[in-house]
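In the numbering used here, the protein residues as written are 11 to 240. Heads up, the beta-carbon is just placed ideally off N, CA and C, and yes, glycines get one too.
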Ligand code: SAH
């Protein structure tokens, strides 16, 4: 009888938790099969990928596909990045709880939410007002109080809050905008896709050590273009 009762409770628990978050299993599977398997090891990053509900960052009619390891359209010709790439870019900056991170290209706000799970402060800039104005209340509603969204051309960075421990750029630029290097802390890292729009680009890691800037090519990627205002 006792066993039956505990089985019943367990079943009830499973039903209730899947009712609360019907995508939990899909998210777990994505992290295990596509992110951990491909080499992401940082526990804070893996936990953040398990916690952030990607289905709440995509258009409603696309929710069922949110845990495929694919970029997805979010309107205005833009995309939410592929989860593996989000995890990889987050891991490569070696995020610490006391970090202040700048993101260029808020888009849906998904990458910002992943960062916000790990670091102290996230500043994120979006050039398409409609996207920034959707992402900001979305992040607030989800309880991410440590994310600040600004509608602007991210080329100029966000000087008021500089310097940053790390900068993540999620749109492909022809070159690394010099203001971003200026706004980076000594010892800080920038991860940025560099190359021509609509072609395969190279994900680059830029490190600032005193006056020395080192660059490293990481992998081929495809991002939407980094655009400029006016
Ligand atoms: N990080 C986003 C990915 C968005 S795609 C996410 O997790 O959903 C890249 C975004 O960069 C697009 O929304 C695009 O509008 C924006 N973008 C392109 N050029 C920009 C610029 N100069 N400044 C700020 N945002 C820019």
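Residue 176 has 111 and 199 as its beta-bridge partners, per DSSP.
The secondary-structure analysis by DSSP pairs residue 194 across a beta bridge with 174.
With contacts defined as CB atoms closer than 8 Å, residue 152 and residue 159 fail to qualify as a contacting pair.
Residues of the same chain with a CB within less than 6 Å of the CB of residue 171, apart from the 5 flanking positions on each side, are 133 in chain order. It is roughly 7 Å from the alpha-carbon of residue 126 to the alpha-carbon of residue 157. With contact defined as three or more Cβ pairs closer than 8 Å, the region 183-203 and the region 132-147 are not in contact.
Every alpha helix (DSSP H) stretch that sits fully inside the region 38-113 and reaches 4 residues is listed by chain position as 53-61 and 93-102. If you compare the alpha carbons of 141, 77, 26 and 211 with that of residue 85, the shortest gap goes to 141.
At the C-beta level, residue 100 and residue 62 stay beyond 8 Å of one another. The continuous alpha helix (DSSP H) containing residue 124 extends over residues 120-126.
Excluding its 5 nearest sequence neighbours in each direction, residue 44 has C-beta neighbours in its own chain below 8 Å: 79, 93 and 94, listed in chain order.
Nearest to residue 136 by alpha-carbon distance, out of 181, 42, 202 and 223, is 181.
In this structure, DSSP gives residue 215 an extended state, which the three-state scheme calls strand. The residue from 183, 23, 82 and 57 with its alpha-carbon nearest to that of residue 37 is 57. Bounds of the alpha helix (DSSP H) holding residue 144 are 139-151.
A distance criterion of 7 Å places the beta-carbon of residue 79 beyond contact range of the ligand SAH, judged by its closest non-hydrogen atom. According to the DSSP assignment, residue 160 belongs to the beta strand (DSSP E) that extends over 157-161.
For the options 18, 30, 107 and 81, the alpha carbon positioned closest to that of residue 233 is the one of 81. Nearest in C-alpha terms to residue 48, of all of 31, 67, 25 and 96, is 96.
A straight-line Cα-Cα distance of about 55 Å links residue 189 and residue 20.
Of the candidates 106, 23 and 191, 191 places its Cα closest to the Cα of residue 224. Judged by the Cβ position, residue 206 fails to qualify as a neighbour of the ligand SAH at the 7 Å threshold, every heavy atom of the ligand being at least this far.
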